[in-house]
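Engineer: All the letters of the sequence shown, read from the start, carry residue numbers 10 to 455 under my numbering. Positions of the beta carbon are idealized from the N, C-alpha and C atoms, including for glycine.
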Amino acid sequence: MANFLAYPEMSIVRRVKINAGIGMVGGAVIILAAMGKAVILGRYLDLESFGYYVICLNAVSIIKLILSIGFEPTLLRFIPEFEAEKADHKVASLLILLIYIASAISLLTIGLVFFGSDWAAEMVYANPTLAILFKIMGFATCAHLFSGISVGLLRLANKFHLAQIPPIVGGVMVPLLLVYLEITGGLKLESAIIATAIGEALTILLFLILMVLCTRSFWSFGGRILSLKPLQGHFGELRNTLGQTSLFGILNGGSEVGGVFLLGIFGSKTQVALAGMAVSLSRPLTVLQSSLGSAVNPEVSRLYAKGEMGHLLTFLKRYIRIVGLLVCVGILVVPILGPWSINFFLRPAYLEALPVFMVLVISYGLTLVFQPFLAVAIMRGEVGRRNMLVSFRFIYLGIAVWLGIDAMAIAVVLLIGNLSVRFLNDLPLYNRLKKLANHSKNLQAV
């Protein structure tokens with residue numbers, strides 16, 4: 010392979026331990042920064058202002074969600090296959106194809122933010138002052154798709170330490186700016202949005218720089234990188250993988266983002282603030298999920314691509330045992346430390362977010378335990394079945410709106426949706442893997 014995808018020769022267990030350790034250290038810094046941001050905003054912004062802050066971030070998240078493309082899963086799906094074929098030219102063509110798509114969608118995002126912000130502020134939220142805040146956040150994150158390409162390449166190249174730099178720098182920058190703004194003139198909604206936008210833009214910029222630096226040998230392909238001919242014969246699979254993984258991202262994130270969106274319309278700003286704070290407090294689990302996913306998913310993809318089903322099954326069993334135990338410990342600790350932490354760091358009004366936070370911990374914990382099965386589903390081309398189950402969340406969300414939506418309703422919708430996917434997709438997929446592993450073992454015995 011080309012140098013930018015050079016992969017170290019070491020055991021899978023050692024690679025996972027090293028990369029998970031790097032992810033844990035980086036994740037700890039990101040978690041502290043995120044918690045610091047939540048504490049600062051919760052202490053210095055009133056509930057209504059924090060509710061509008063969540064609405065602004067959520068509006069931009071909706072745009073990112075609608076226009077999201079599954080670049081990272083696509084790289085994880087095809088590059089191990091192209092590696093096995095020693096097809097450097099296919100890797101180059103795949104990368105340039107994704108860059109073309111990301112560039113086009115980034116331009117579309119700019120237009121959507123510019124022309125849609127005023128309409129959303131006036132027609133949806135009846136607050137014209139939100140328009141400029143929507144634009145600030147939207148323009149700051151318009152190139153977010155390039156981050157997915159960069160992260161996918163860094164994971165596959167085993168450069169996990171580099172993948173941690175952008176979110177750490179961007180994440181730490183935000184609370185530092187918030188503290189500076191509070192000291193110099195008092196923290197306001199507008200200044201909080203600007204600080205957050207700077208952190209987002211800095212993260213994306215660093216990912217772009219790393220993508221160019223880590224793929225510098227790729228550019229030596231010269232004019233050949235403009236050709237997509239090497240991908241002929243793969244376009245059908247590419248369309249299916251990009252489509253299904255993109256749809257999964259929309260459906261998976263849509264229930265949370267869509268829930269907060271509907272809460273902003275049909276609920277009170279206080280409930281929006283409680284939901285936003287509960288999500289912020291549960292950020293450590295989402296960061297941990299990302300960190301472990303960075304270490305685990307490339308290994309799962311490579312093991313499946315090589316047909317090593319026995320090793321894959323052993324790896325999954327060990328992962329589920331260890332992570333499941335850690336999640337159970339976390340669930341037991343939350344009710345003990347949660348009230349004290351909120352009373353000490355935040356306003357007492359946020360104690361109402363604790364039950365919502367508890368449900369989210371269980372929901373995100375389940376996702377953490379079963380996350381390698383998404384990589385398996387992608388390799389097997391079975392994301393469509395998973396998408397069908399994830400789409401049930403919108404039915405649950407509709408029922409919640411009909412009954413009376415609040416912060417707890419959103420958390421319950423996420424939990425029920427997660428349980429549906431685990432019992433109806435991941436566990437049957439695990440059983441199918443066991444059959445494949447047994448079949449491979451029998452063939453080897455013969």
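Looking only at C-alpha atoms, which of G316, M286, T250, S126 sits nearest to A93?
Structural biologist: With distances taken between Cα atoms, A93 lies closest to G316.
Engineer: Buried or exposed, going by whether 16 or more other CB atoms sit within 10 Å of the CB of S372?
Structural biologist: That one is buried.
Engineer: On the DSSP letters alone, give me the boundaries of the alpha helix (DSSP H) that Q173 sits inside.
Structural biologist: Its alpha helix (DSSP H) spans residues 169-194.
Engineer: Count the other C-beta atoms from every protein chain shown that fall within 10 angstroms of the C-beta of G232, then say buried if there are 16 or more, exposed otherwise.
Structural biologist: For G232, the predicted structure reports a pLDDT of 46, less than 50, and the residue's modelled location is therefore unreliable. A value from the coordinates is still provided. Answer is exposed; the Cβ neighbour count stays below 16.
Engineer: Using a Cβ-Cβ cut-off of 6 angstroms (strictly less than) and excluding sequence neighbours within five positions of I387, which residues of its own chain qualify?
Structural biologist: Taken in chain order, the residues that qualify are P82, R86.
Engineer: Have a look at S299 and V38 and give me their C-alpha separation to the nearest angstrom.
Structural biologist: If you take the alpha carbons of S299 and V38, they lie about 13 angstroms apart.
Engineer: Pairing CB atoms from the region 108-122 with CB atoms from the region 407-415, are three or more of them under 8 angstroms?
Structural biologist: With a cut-off of 8 angstroms, the region 407-415 and the region 108-122 do not count as touching, because too few Cβ pairs lie within range.
Engineer: Is the CB-CB distance between I213 and F155 below 8 angstroms?
Structural biologist: Closer than 8 angstroms, so yes.
Engineer: What residue does the alpha helix (DSSP H) around L219 start on, and which one ends it?
Structural biologist: Here the alpha helix (DSSP H) through L219 covers 198-223.
Engineer: Using CA atoms only, rank isn't needed, just tell me which of L211, V309, Y61 is closest to T323.
Structural biologist: When each option's Cα is compared against that of T323, the closest is V309.
Engineer: Which value, in whole angstroms, describes the spacing of the CA atoms of V63 and S126?
Structural biologist: Going by the C-alpha atoms only, they are around 16 angstroms apart.
Engineer: Which word fits G407, buried or exposed, when buried means at least 16 other C-beta atoms lie within 10 angstroms of its C-beta?
Structural biologist: Label assigned to G407: exposed.
Engineer: Suppose only complete runs of 4+ residues qualify. What are the alpha helix (DSSP H) ranges in the region 285-367, listed by chain order?
Structural biologist: Runs found: 292-314, 318-354.
Engineer: In terms of residue numbering, what span does the alpha helix (DSSP H) encompassing L162 cover?
Structural biologist: It spans 154-165 - the alpha helix (DSSP H) in which L162 sits, taken as one unbroken run.
Engineer: Just checking, does the region 168-183 make contact with the region 216-225 on the three C-beta pairs under 8 angstroms criterion?
Structural biologist: Yes, they touch.
Engineer: Decide if P381 is buried, meaning its Cβ has at least 16 other Cβ atoms within 10 Å, or exposed.
Structural biologist: With 16 or more Cβ atoms within 10 Å of its Cβ, P381 is classed as buried.
Engineer: What residue does the alpha helix (DSSP H) around M397 start on, and which one ends it?
Structural biologist: It spans 392-412 - the alpha helix (DSSP H) in which M397 sits, taken as one unbroken run.
Engineer: What three-state label does DSSP hand P137 in the structure shown?
Structural biologist: Coil at P137, not helix or strand.
Engineer: Less than 7 angstroms between C-beta atoms, sequence neighbours within five positions excluded: which residues of the same chain meet that for G161?
Structural biologist: Excluding residues within five positions, the ones whose Cβ falls inside 7 angstroms are F80, E81, L84, L85.
Engineer: When you compare only the Cα positions, how much space is there between L442 and L377?
Structural biologist: Computed Cα separation, rounded: 19 angstroms.
Engineer: Give the DSSP-derived three-state secondary structure of D97 in the structure shown.
Structural biologist: D97: helix per DSSP, three-state reduction.
Engineer: Quick check: the Cα distance between G390 and L423, rounded to an integer number of angstroms?
Structural biologist: Distance between the alpha carbons of G390 and L423 is about 25 angstroms.
Engineer: Whose CA, out of V338, S289, L196, L335, lies closest to the CA of A420?
Structural biologist: Considering only alpha carbons, the answer is S289.
Engineer: Sorted by chain position, which residues of the same chain lie with C-beta nearer than 7 angstroms to I72's C-beta, five sequence neighbours on each side aside?
Structural biologist: The residues are T118, L121, V122, G147.
Engineer: Could you tell me whether the region 41-53 touches the region 182-193, where touching means 3 or more Cβ pairs closer than 8 angstroms?
Structural biologist: With the cut-off at 8 angstroms, the region 41-53 and the region 182-193 touch.
Engineer: Which residue wins for smallest C-alpha separation from I340, given the options L363, G242, L325?
Structural biologist: Checked all of L363, G242, L325; the closest Cα to I340 is L363.
Engineer: Taking Cβ to Cβ, would you say Y134 is nearer than 8 angstroms to G252?
Structural biologist: Not a contact, by the Cβ cut-off of 8 angstroms.
Engineer: Start and end of the alpha helix (DSSP H) containing N427?
Structural biologist: Run containing N427: 416-430, per the alpha helix (DSSP H) assignment.
Engineer: Could you check the C-alpha separation between E90 and A166 for me, to the nearest Å?
Structural biologist: Going from the Cα of E90 to the Cα of A166 covers about 14 angstroms.
Engineer: Helix or strand or just coil, what does DSSP make of S277?
Structural biologist: Of the three classes helix, strand and coil, the one that applies to S277 here is coil, per DSSP.
Engineer: Express the C-alpha separation of A418 and K444 in angstroms, rounding to a whole number.
Structural biologist: Using only the alpha carbons, I get a separation of about 39 angstroms.
Engineer: When the distance is taken between beta carbons, is I259 closer than 8 angstroms to L74?
Structural biologist: Closer than 8 angstroms, so yes.
Engineer: Looking at the structure shown, is T250 part of a helix, part of a strand, or coil, going by DSSP?
Structural biologist: Reduced to three states, the DSSP call for T250 is helix.
Engineer: Which residues bound the alpha helix (DSSP H) around I78?
Structural biologist: Neither: I78 is in no alpha helix (DSSP H) and is coded neither H nor E.
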